Every structure is written in C-alpha cells, then in structure tokens.
Amino acid sequence: METLKVLFHVSEPDRWKVALGNITNLIKDVGEGNVDVEVLANGPSVSAYVDSELIDIMKGLAEKNVRFVACRNSLKKMCADDIICIDEDKLPSFIEVVPAGITEIIKKQAEGYAYVKP
Amino acid sequence: METLKVLFHVSEPDRWKVALGNITNLIKDVGEGNVDVEVLANGPSVSAYVDSELIDIMKGLAEKNVRFVACRNSLKKMCADDIICIDEDKLPSFIEVVPAGITEIIKKQAEGYAYVKP
Amino acid sequence: METLKVLFHVSEPDRWKVALGNITNLIKDVGEGNVDVEVLANGPSVSAYVDSELIDIMKGLAEKNVRFVACRNSLKKMCADDIICIDEDKLPSFIEVVPAGITEIIKKQAEGYAYVKP
C-alpha cells in the first residue's frame, strides 16, 4: 500500500480528544509505517500543548512518528489576549513551532496531504 | 464537464441537515450524472443512520447515487459509551460500513475527491 | 516560491473573525503576491456580507487580491427563513455571487486549491 499522508487541523481545544482518537484509530487500521501524520494546532487549541493529560497521549503518538506542530501567531495571540502565555522553548521537544499555521496547512496539501478537520 | 468528486465529512449530529441540504443543492446545480458524492459519518454523527426522518432524505439521495458510509469504530464507541448501540446488520442497505472512517477520508482525497466539512 | 492557492470555507457567522485573522496572517507570512486566496461563504455566514465592521476588514483584504464569494442558495434560504434578506445587487462590488457555494468549493479543490475550514 502506498503511504497515506494526512494533516489534521485542530483549531478548537474541545476537538483534541476527537483528533487524538482519530489518529489512534487510523494507525491501528493501516499500521504505523503506512501513514504520515501531521497535526497542526492553531487558534486557542495551542493551549493543549501545555495540558499534561493530552501531552501524554501526544507523546505516545509522537513515538509512532506523528508530528505535532504549533502556530506561533496563535501562541503570541493567546498571550496578548491574556489567555495563556506559553514559552515555546519550554514546549516538549516533539512539538515543532511554525511562524504561521495556515501557511503550513496549505503547503502540506500542496504536497499531497489530505486535510481532516476533526 | 469532467465529473466532480467530493467527500462530505460529517462528525457532529447537528451538521446532518446542512450536509444533506448541501448535497441536494449540489446535485441540482451540476446535474446527477456530473458529480460523485460520498458522505462519511464518524463520531456521534453515526446516530443519524437510525433516524427515520434523516434516513428518508438520505434514501432519496442514495437513489441519485450518493454513497453513505459509517465508521465502525464510531459505531462501537457509541455503544461502549452507552449512548446508542446500532446493529450494523440492521442499517438500511444503502449504508456501507468501513473499519475506520478516517482512513476512508484520507484514501478518497488521495483519489482526487474534494473534502467538505459542512 | 510557487504560488500557494487556498479556499477558505466559512459556513458559521462566528468563524469570520478567525477566517479574516488567518488570511491576514497568511499574507503577512508569505507576501501578497505569493498566495491566491478565495473565501467562500455559505449558510448563515453570508450575513457577514452586510456587516459593516467585517466588510471594512474584507475590503482591505480584497485590495490585496483576496476574493470573497457568496452562495446564492444560502442568500435565498436566509431570506426564505425570515432571517435576513440580502439584495445581491447591493452587495459591495468586491463580493462575487455563485449559484451554489458547494460546487465552487469542489471546483477550486479540483483546480489545486487547498481547503481550510477556519
């Protein structure tokens, strides 16, 4: 089977559990080596990157090569709006930060990734 | 005109009316033979497959070659969570069940289907 | 860099601010000439096309070549449902109306546009 490629777009915090469940089911269904998964969080959903319960699940998925990405614009906006200030240097090492999450979403689709909004 | 191909992803029960309205308008706009439509339901939205009012609308669309698909993982989870237990053998014959809805969504996009989240 | 192409799908009125913020960040990130952006509004979100505060932001983006499109089916339904009747001839000139928004979303993806649901 050709490797499947997918970008999950998570913008709302309450969609994380669905997204992580989707990814778990996906890997179980097709097998770890057969799918390339990236999760792009923007908007208020970036707050999950400091939620220890969710981080534990993400870490397990990161060990199965799922990539977790955060939008820097969103991290900055959450801080400017006095919601939460997240120091990106203190994020778990498996989380990558990109300047603009939207650009990442578009580029990945241009590279042939499917788009899923859980 | 080349045949258009689209996968509608319905994850929340309250999006079904919008999705079915979208599909009705789409077929009216381009003509039945000019579009290949699949609807993939996962998460709590699978409960619509036993809602007689919605089933009536779906049946009319299935007669216009719209395919309705349910995620088996979601059917099982809804039952395990004591929300609703749906016996897939009792689903209307026009509804297909796939092991993992997410895999279906990704495969269809890899086959050139557009993705729409109503 | 190859020009990025993206269609933003806005169906709910409360997603407009996120969508317009996403587009602003996107253009700031990649530069005005490097991205082709279309925004397709259907469902109740078409009401934003008569919201003066949002129109001001849209106008600024339209000057950066962002295209704003409304679904005629949705305009008609909003009027039939006694929510709001919008005369499409009175819409700002930078807003284009298409017969069926869903068809536009599918066609754009077939032309290589990424899909983003803010």
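Protein chains in written order, with my numbering: chain A, 88 to 205; chain B, 88 to 205; chain C, 88 to 205. From the three backbone atoms N, C-alpha and C, an ideal C-beta is built for every residue, glycine too. Because the structure is a prediction, the values reported are computed rather than measured.
Remark: three or more beta-carbon pairs, one from each stretch, lie closer than 8 Å, so the stretch 88-99 of chain A and the stretch 125-144 of chain A are flagged as touching. Scanning A:Ser134, A:Leu141, A:Ile189, A:Leu91 for the CA closest to the CA of A:Asp168 turns up A:Ser134.
Here the C-alpha atom of A:Gln196 lies approximately 14 Å from the C-alpha atom of C:Val122.
A distance below 6 Å between beta-carbons, with the five flanking residues on each side excluded, links B:Pro131 to the following residues of its chain, in chain order: Pro100. Contact between the stretch 142-152 of chain B and the stretch 101-111 of chain B is established, with three or more Cβ pairs separated by less than 8 Å. In the structure shown, the three-state DSSP call for C:Lys151 is coil.
Legend: CB atoms of the stretch 114-131 of chain C lying less than 9 Å from CB atoms of chain A belong to residues Lys115, Asp116, Val117, Val122. Pairing A:Glu183 with A:Val156, the inter-Cα distance amounts to about 5 Å. In the same chain as C:Ser161, and ignoring 5 residues on each side of it, the C-beta atoms closer than 7 Å to its own belong to Asn129, Gly130, Val133, Gly188, in chain order.
Neighbours of A:Ala197 across chain C, judged by C-beta separation under 7 Å: Leu91, Ala201.
A residue is called buried when at least 16 other Cβ atoms come within 10 angstroms of its Cβ; C:Asn112 meets this threshold and is buried.
C:Ile110 and C:Ala201 have their alpha carbons spaced roughly 13 Å apart. For the pair C:Lys194 and B:Leu91, the CB atoms are nearer than the 8 Å cut-off.
Setting aside the 5 residues that flank it on each side, C:Leu178 is surrounded in the same chain by Tyr136, Val137, Ala157, Val184, each with a C-beta closer than 8 Å to its C-beta; the list follows chain order.
Taking 8 Å as the cut-off, the Cβ atoms of A:Val117 and A:Val203 do not count as close.
Only those residues of the stretch 151-165 of chain B whose C-beta falls short of 7 Å from the nearest C-beta of chain A are listed: Asn160. Taken atom to atom, the span from the alpha-carbon of C:Gly108 to that of B:Pro205 is near 21 Å. Put simply, the CB of A:Pro205 is near chain B, with a gap under 8 Å to one of its CB atoms.
Bridge pairing for A:Glu183: A:Val156 [DSSP].
Only buried fits C:Ile192, as 16 or more other CB atoms lie within 10 angstroms of its CB. Counting the other CB atoms within 10 Å of its CB gives C:Ile170 a total below 16, which places it among the exposed residues. Counted as a single uninterrupted DSSP element, the stretch harbouring B:Asp123 is not any alpha helix (DSSP H) but the beta strand (DSSP E) occupying residues 122-128. The alpha-carbon of B:Ile173 is positioned some 10 Å away from that of B:Arg159. DSSP places B:Lys92 within a strand segment (E or B) once states are collapsed to three. Assigned with DSSP and collapsed to three states, B:Tyr136 falls in helix.
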